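Quick note, the sequences are listed as chains A and B, same order. To convert a position in the first sequence, counted from 1, into the numbering used here, add 5. To convert a position in the second sequence, counted from 1, into the numbering used here, add 819. What follows is a short report on a single structure.
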Amino acid sequence: DQQVKQNSPSLSVQEGRISILNCDYTNSMFDYFLWYKKYPAEGPTFLISISSIKDKNEDGRFTVFLNKSAKHLSLHIVPSQPGDSAVYFCAASLTGNQFYFGTGTSLTVIP
Amino acid sequence: SAVISQKPSRDICQRGTSLTIQCQVDSQVTMMFWYRQQPGQSLTLIATANQGSEATYESGFVIDKFPISRPNLTFSTLTVSNMSPEDSSIYLCSVVGQGPYEQYFGPGTRLTVT
């Protein structure tokens, strides 16, 4: 049973425009959400996170939005840069003891 | 941040054989995690390895198939035993990071079983 879903396997965006990556989850008990970025032949690297008690967290060009009623979170990248081209995974945690990852969205930023 | 290395980076193995994957961290850590990412699938936690105790396996994973060693605070191994083509995956180790629930991942081991 997939508790965290990323329904878009790929996304292409023009350089300078906004990239929006989406993630849905089913378990309302998740208390923390994270986004990871993965380049080929490398492991995922942490990008940004948000606690379930918040609805927005911003770090430079990256903003994560959480809509608990819809069980939905999104990652906004503004402006998008070619170096942002990677696979992005969302993840959800239950008290830090269990982690559930989505299947990833491959972002391509076109120069 | 922790620097994590894994060996081998990739391997092609025959059905029925076993492969041991090594994970080395540049600092001492209490908990290490082993994940699997099958083609087109999400990262799935196999087990949590604490130094000095038995690994804790997630549902669907058993010690006979995926034995884990954790001899010290910087090193762990995962063995994939009696392999079948369904074991073809990327295997990643990770450790807890600085932020809440954040993890640092190794580069992964790409395993292909023929």
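Cβ coordinates follow ideal geometry from the N, Cα and C atoms, glycine included. Here the structure is a predicted model, which is why all the values come from computation and not from measurement.
Exercise for review: Compare the C-alpha of T110(A) against each of S13(A), V9(A) and Q8(A) and name the closest.
Suggested key: S13(A)
Check your understanding: The beta strand (DSSP E) with E63(A) in it runs from where to where?
Key -> K61 to D64
Exercise for review: Would you decide whether K42(A) is buried or exposed? Buried here means 16 or more other CB atoms lie within 10 Å of its CB.
Suggested key: buried
Point to revise | The beta strand (DSSP E) enclosing R929(B), as first and last residue numbers | key: T928 to V932
**Study point:** D89(A) - DSSP class collapsed to helix/strand/coil
**Key:** helix
**Study point:** Contact residues within the region 20–49 of chain A, judged by C-beta distance below 7 Å to chain B
**Key:** Y37, L39, A46, E47, G48 and P49
Practice item. Would you decide whether T836(B) is buried or exposed? Buried here means 16 or more other CB atoms lie within 10 Å of its CB. Key: exposed
Check your understanding: Where does P827(B) fall in DSSP's three states?
Key -> coil
Check your understanding: What's the C-alpha gap between S861(B) and K10(A)?
Key -> 9 Å
**Study point:** Bounding residues of the beta strand (DSSP E) (the contiguous stretch that carries L26(A))
**Key:** S24 to Y30
Review point. If we cut at 9 Å on Cβ distances, does Q922(B) have a partner in chain A?
Key: yes
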